[in-house]
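A.B. asks: Got a structure for you, written out below as structure tokens; questions coming shortly.
There are 2 protein chains.
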Amino acid sequence: MRPKNLEKEEAIRTIALQIISEEGLENLSMQKLAKAANVSPRTIYIKYENKEDFLIKLFIDEVLGAYEKAILEKFTPDMEFAAGVKKLWTNAFRYFKNNRHAFALMQYGKSSPLLNKAYQERDIKEGDYFAPVHRFFELNAKAGVIRKLPQEAYRALLFAPMFELVNEYFDFLERPKQIITDKLFADCCDAVIKGMLK
Amino acid sequence: MRPKNLEKEEAIRTIALQIISEEGLENLSMQKLAKAANVSPRTIYIKYENKEDFLIKLFIDEVLGAYEKAILEKFTPDMEFAAGVKKLWTNAFRYFKNNRHAFALMQYGKSSPLLNKAYQERDIKEGDYFAPVHRFFELNAKAGVIRKLPQEAYRALLFAPMFELVNEYFDFLERPKQIITDKLFADCCDAVIKGMLK
DNA sequence: CAAAAGTAAGTAAATGTTTGTTTACTTATA
DNA sequence: TATAAGTAAACAAACATTTACTTACTTTTG
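Chains Y and H are the protein sequences, given in the same order.
The numbers in my numbering rise by one with no breaks, and the one at position 154 of the first sequence is 154.
Take the position in the second sequence, starting the count at 1, then add 198; the result is the number in my numbering.
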């Protein structure tokens, strides 16, 4: 049996993210992707059932999974609140800086019904998705360090500004001067922390 | 000369937003839209040059413009900081609750390169886009009420969590119990305000 | 221990469908 | 009656996916 060429599999995923990032999800076609990845359309369909299946797996495995892993590096739920939040923010900033294309598909995850559905299904099925972060909030709320709010509110207050800053960071890459520096990022993180404290 | 039917023009825009919201931007085609709006494809091309032109105008006029108008209602740059932020948040929440389809396209504005480009061009051309909010931050920073940060950081800290909460609000509409209540929304607004104060 | 057989990986080209847009024509009103 | 608004049907190009075939490797066999 002919063994599969792992380089081709990776090229398909990598180039898909590139096209989505540069031209938009609505401009990604299977034929265009195959051509750009130097592969026959059929090759994509060996691994993925159809386009929908491909996009969902790309989103969940390549983007969500890698993001989750990166953000939780050296983070534990029992960290002191400010230190924990700073760790999550710096982890995320570092990861996205090095994975711009993944960030683009991540953003689509918030608007596209297809990916949104995938996200919610995963969230329900895998109860331990971001579980350490859940637990981190829970512990700090119990200890009276932060206000008691639903997890959804914690996520909105803590992560939404971070995403927006990363977005701005990429926008400014195409302009003469970058304003989203590590210093500014840290200042914003402080503001978010302060807002959540009791 | 036969006068144009304004109802048809509106149907085109309304139904486009509906399709984008329910099936995603990538599933909106001109022929599908025409059929759904009970109109010949040609009719769309009377007013709009092509699909790109249509989407950009839909995004800017129907979504951004209406959002801007709604959010600035009874808001002035000289308002006291907490009161001003609360006004912006409640205006936005009310507007989106009544315009779910517009919110969907708004979210795409952050991911789609096409709409993103349109957004940035508008932002540059019309210097007074959200000018009252700009000025509001400027005044409060000068007065020493809030930290001094770039406008981009203010926007990230102030608006990003609000958008995320609206997003959650719509997600929870399809579940047994709504958790994004006016009360929770107000609590989160307080947290954001507190974080920005000096 | 080489050569043949078996097999999944891979390709190029074609499938029928849907796409954005246009053509040739009709309709409604100033 | 002049004219822009509107329609139905058509256009080539691009779409997702499949068909029919070849390739490259593993395993079995003589």
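Glycine included, each C-beta is placed from N, C-alpha and C at the ideal position.
Given the structure is predicted, the values throughout are model-derived calculations rather than measurements.
If you reduce the DSSP assignment to three classes, tell me which class isoleucine 180 of chain Y lands in.
C.D. replies: coil
A.B. asks: Checking 9 Å against the spacing of the C-beta atoms, do phenylalanine 130 of chain Y and glycine 84 of chain Y come in under that value?
C.D. replies: The answer is no: Cβ separation not under 9 Å.
A.B. asks: Quick one, are the C-beta atoms of glutamate 26 of chain Y and leucine 223 of chain H less than 9 Å apart?
C.D. replies: yes
A.B. asks: Name the chain H residues whose beta carbon is nearer than 7 Å to that of methionine 283 of chain Y?
C.D. replies: A query on residue 283 of chain Y cannot be resolved here, the shown segment of chain Y reaching from 1 to 198 and no further.
A.B. asks: Just the chain Y side, please: which residues come within less than 8 Å of arginine 345 of chain H by C-beta, in chain order?
C.D. replies: Asp187, Ala191
A.B. asks: My guess is that phenylalanine 368 of chain H and arginine 298 of chain H are in contact by the Cβ rule of under 8 Å, so how many angstroms apart are they, rounded?
C.D. replies: 6 Å
A.B. asks: Helix or strand or just coil, what does DSSP make of leucine 395 of chain H?
C.D. replies: strand
A.B. asks: Can you tell me which residues form a DSSP beta bridge with isoleucine 344 of chain H?
C.D. replies: H:Leu395
A.B. asks: So, does the CB of glycine 342 of chain H fall closer than 9 Å to a CB anywhere in chain Y?
C.D. replies: no
A.B. asks: Hey, does tyrosine 129 of chain Y have any beta-carbon neighbour from chain H nearer than 9 Å?
C.D. replies: no
A.B. asks: Please name the residue, chosen from H:Ile213, H:Pro330, H:Lys272, that lies closest to phenylalanine 252 of chain H on a Cα-to-Cα basis.
C.D. replies: H:Ile213
A.B. asks: Who are the neighbours of glutamine 107 of chain Y on chain H, taking C-beta pairs under 8 Å?
C.D. replies: Lys308, Ser309
A.B. asks: Given this structure, state the Cα-to-Cα distance separating histidine 223 of chain Y from lysine 35 of chain Y, to the nearest angstrom.
C.D. replies: Lying before the first or after the last residue shown, residue 223 of chain Y is absent from chain Y, which here runs from 1 to 198.
A.B. asks: Which word fits leucine 6 of chain Y, buried or exposed, when buried means at least 16 other C-beta atoms lie within 10 angstroms of its C-beta?
C.D. replies: exposed
A.B. asks: Should proline 161 of chain Y go down as buried or exposed, given a rule of 16 or more other Cβ atoms within 10 Å for buried?
C.D. replies: Proline 161 of chain Y is classed as buried because its beta carbon has at least 16 other beta carbons within 10 Å across all chains shown.
A.B. asks: Tell me which same chain residues have a C-beta within less than 7 Å of the C-beta of isoleucine 377 of chain H, skipping the five on either side of it?
C.D. replies: Phe370
A.B. asks: Only counting runs of 4 or more residues, tell me where the alpha helix (DSSP H) segments fall wholly within the region 304–373 of chain H, in order along the chain.
C.D. replies: 311–323, 329–340, 349–371
A.B. asks: Would you list, in chain order, the members of the region 252–264 of chain H that have their beta-carbon closer than 7 Å to a beta-carbon of chain Y?
C.D. replies: none
A.B. asks: Of all Cβ atoms in chain Y, is any one closer than 9 Å to the Cβ of glutamate 220 of chain H?
C.D. replies: Among the residues facing chain Y, glutamate 220 of chain H is included, as its CB has a counterpart in that chain under 9 Å away.
A.B. asks: For my contact list, threonine 12 of chain Y and isoleucine 46 of chain Y are in at a C-beta cut-off of 8 Å; report their separation, rounded to the angstrom.
C.D. replies: The residue asked about is misnamed: residue 12 of chain Y is isoleucine in this sequence, not threonine. Not really, about 10 Å apart at Cβ, beyond 8 Å.
A.B. asks: Looking only at C-alpha atoms, which of H:Ala268, H:Asp321, H:Asp385 sits nearest to isoleucine 146 of chain Y?
C.D. replies: H:Asp385
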